[in-house]
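These notes concern the structure reproduced below.
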Amino acid sequence: MSTTVARPPARKAKGTKPFIPDLVYFEPGALEYEKGKRIMEWVTSQNIPYQMTTSHNRITNLPGETEQEKYRMAKRTLVVGVRKTLKFDQSKPSAEYAIPISTGCMGHCHYCYLQTTLGAKPYVRVYVNTEEIIEAAKGYIEERKPEITRFEAACTSDPVGLEHITENLSDLIKFMADEEYGRLRFVTKYHHVDPLLKLKHNGHTRIRFSVNADYVIKNFEPATSRFEERIEAAGKIAHAGYPLGFIIAPIIWYDGWQEGYAELLQKLADTLPEEATKDLTFEMIQHRFTKTAKATIEKRYPKTKLEMDIEKRKMKWGRWGQYKYVYKDDQQDALREFITERIFEHFPLANIDYFT
Ligand code: SF4
1 MSTTVARPPA
11 RKAKGTKPFI
21 PDLVYFEPGA
31 LEYEKGKRIM
41 EWVTSQNIPY
51 QMTTSHNRIT
61 NLPGETEQEK
71 YRMAKRTLVV
81 GVRKTLKFDQ
91 SKPSAEYAIP
101 ISTGCMGHCH
111 YCYLQTTLGA
121 KPYVRVYVNT
131 EEIIEAAKGY
141 IEERKPEITR
151 FEAACTSDPV
161 GLEHITENLS
171 DLIKFMADEE
181 YGRLRFVTKY
191 HHVDPLLKLK
201 HNGHTRIRFS
211 VNADYVIKNF
221 EPATSRFEER
231 IEAAGKIAHA
241 GYPLGFIIAP
251 IIWYDGWQEG
261 YAELLQKLAD
271 TLPEEATKDL
281 TFEMIQHRFT
291 KTAKATIEKR
301 YPKTKLEMDI
311 EKRKMKWGRW
321 GQYKYVYKDD
331 QQDALREFIT
341 ERIFEHFPLA
351 NIDYFT
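Once you know that position 141 of the sequence shown is 141 in the UniProt record's numbering, the rest is easy, because the numbers rise by one and skip nothing.
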């Protein structure tokens, strides 16, 4: 295998290009599935180097001299595998369950919690046994009916950025369209939604775009689609009849945050087509980090401007068995109240699902 060092994330002057990995690994079992074979055809048609691996959980020989180089390379490495664990994690507060179709992401958001949750495995894994995953989802829906069961497809990844390779979201959307008691939702920072626009969805899938103040996007979200691209995609999604939403996350306290978040809501109001504002939801998540995340982020993005001063924060027990650091109560209240007011000023009919 060559020892090429990873390319830096694609520049975006001409629009953010869909993700093309530098290197692909296949689990042999993945090639027993139609989807695995199709991805192999795509990989060879793109002349991407590939190798076989015994397990998508053990990729150890990535090129790169330093840990940072290896990390960058991992973010450009795709692993095609079979999802063995079909027990779904919970996904509060946005849904009942996380539906696993991919793990890892090519984006370089400094604050991303995958930095810690994926530990030493930051490469991008996609799963080809979608039918088995759907079967498992059916089981969960059955168990809870007549309650509605919501599945979040973006807990461990940004699947829209991988859709041109896997078509996994398309499969889930089409399945959920016929499920009276099932709903799908996912969030994205990518604008590559065209494959989803013609699908039958019956309004059972809510697509949300992650948006933020300019300062946050410019400083902390390299290798994702630009704000304007995300909003244009949101317009297309609304036009295709999908329920639409926005997640403002992470909400960051910085000098000038009021102007930044006021401008964000103003820009949304100015650019969203009328039809996109009818059934709109907002979710708000303040910035948080753990001590482990802070150490990892400082190693991987040593020049980051992300403020992670434990002294300035409030400790909160996290469900992953570690304390997390959120903003102090007065700051939380100020952020929540200010942004909530801006949301209702521009979108009086919107629903705010939660602030956390
Ligand atoms: S796009 Fe989402 S999943 Fe990907 S790195 Fe950024 S925050 Fe993480």
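Even for Gly, the Cβ is constructed at its ideal location relative to N, Cα and C. All values reported here derive from a predicted model rather than from experimental measurement.
Check, Outcome
"Three-state secondary structure (DSSP) at G139?", "helix"
"Using a Cβ-Cβ cut-off of 6 Å (strictly less than) and excluding sequence neighbours within five positions of S94, which residues of its own chain qualify?", "E152"
"Does at least one heavy atom of the ligand SF4 sit under 8 Å from the Cβ of L265?", "no"
"Roughly how many whole angstroms lie between the Cα atoms of N168 and E263?", "35 Å"
"Can you find the residues in the same chain that come closer than 8 Å, C-beta to C-beta, to C105, ignoring five residues on each side of it along the sequence?", "K75, C112, L114, V124, S157, D158 and G161"
"What does a CB cutoff of less than 6 Å around D353 pick up in its chain, not counting 5 residues either side in sequence?", "T281 and E283"
"Using a Cβ-based criterion (distance less than 8 Å to any ligand heavy atom), does L114 qualify as near the ligand SF4?", "yes"
"What's the gap between the Cα of I339 and the Cα of G139?", "39 Å"
"Tell me the rounded alpha-carbon separation between E143 and I48.", "43 Å"
"If you follow the beta strand (DSSP E) that D353 is part of, which residue opens it and which one closes it?", "N351 to F355"
"According to DSSP, is K74 helix, strand or coil?", "According to the sequence as given, residue 74 is Ala; it is not Lys. Helix."
"Tell me where the alpha helix (DSSP H) around G235 begins and ends.", "F227 to H239"
"Quick one: Cα of G182 to Cα of E65, how far?", "47 Å"
"Buried or exposed: T60, going by 16 or more other Cβ atoms within 10 Å of its Cβ?", "exposed"
"Less than 9 Å between the C-beta atoms of K312 and K324, yes or no?", "no"
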